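Mapping of the sequence shown onto our numbering: residues 3 to 153, in sequence order. Just so it is clear, CB atoms sit at the ideal spot from N, CA and C, and this is done for glycine as well. Predicted model, so just to flag it, every value in this text is computed and none were measured. Note sheet for the following structure.
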Amino acid sequence: MYFDKEITFFKESVKNKEEGIKKLADEFLENELVKDTFFQAVIDREKVYPTGLSINDIGIAIPHTDSIHIIRPQIGFMSLKEPVIFKDMVDEKNEIKVSAIFMLGLLKSEQQIDILQKLVDLFQDQEMLKKVIACTNIDEFKSIMKKANID
3 MYFDKEITFF KESVKNKEEG IKKLADEFLE NELVKDTFFQ AVIDREKVYP
53 TGLSINDIGI AIPHTDSIHI IRPQIGFMSL KEPVIFKDMV DEKNEIKVSA
103 IFMLGLLKSE QQIDILQKLV DLFQDQEMLK KVIACTNIDE FKSIMKKANI
153 D
């Protein structure tokens, strides 16, 4: 369900977080999953509520925004060739070198809470997290997500 449109990029090169977010947001928009306000809403939210997370020295970001910008639920994924800087969700003074971006486009707050919990569980399994970051194709990625009960 959350990966129906297979919005995934593996070992992508982007200059900064905005470029990574834009590339994912453009795919969401092209697939008619979000409104044209989505990208700017994600960027605006990121400024106030950063989404960078460091777990076992691996940087991950989970950019998202309010459901008013969403048409159909979807999760997008991007692993990065070179990390980009996101602000830390715990302490926005800290910067985190992010190697993977999970962009959420969810309609209901309970979906968001459920998916965020499942993602955190996945991130805390260091072996699974390394597999996600290392994977290079959609089938492998979806298999890992299924094992993490995110599908």
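Note to self: Could you tell me which whole beta strand (DSSP E) segments of length 3 or greater appear in the stretch 55-106?
What the structure shows: Positions of the beta strand (DSSP E) runs, each at least 3 residues long and wholly inside the stretch 55-106, are given as 60-63, 76-89 in order along the chain.
Notebook entry, point to check: At which residues does the beta strand (DSSP E) containing F11 begin and terminate?
Noted result: Its beta strand (DSSP E) spans residues 10-14.
Item checked: Euclidean distance between Cα positions of D68 and E129 -> Counting only the Cα atoms, E129 lies some 31 Å from D68.
Check: Where K83 and S101 are concerned, what is the direct C-alpha to C-alpha distance, given to the nearest angstrom?
Finding: Going from the Cα of K83 to the Cα of S101 covers about 8 Å.
Checklist line | Close Cβ partners of E14 (< 8 Å) along its chain, the five nearest in sequence each way excluded | finding: Answer for E14: G22, K25, M80, S81, L82, K83, listed in chain order.
Check: Leaving out the 5 sequence neighbours to the left and right, which residues in its chain are closer than 6 Å to N33 when beta-carbon positions are compared?
Finding: Annotation for N33: K7 place their beta carbon closer than 6 Å to its own, counting only its chain and skipping 5 residues before and after.
Next item on the list: Go to I45, then tell me how far its alpha helix (DSSP H) extends in each direction, as first and last residue.
Entry: Where I45 is concerned, the enclosing alpha helix (DSSP H) stretches over 40-50.
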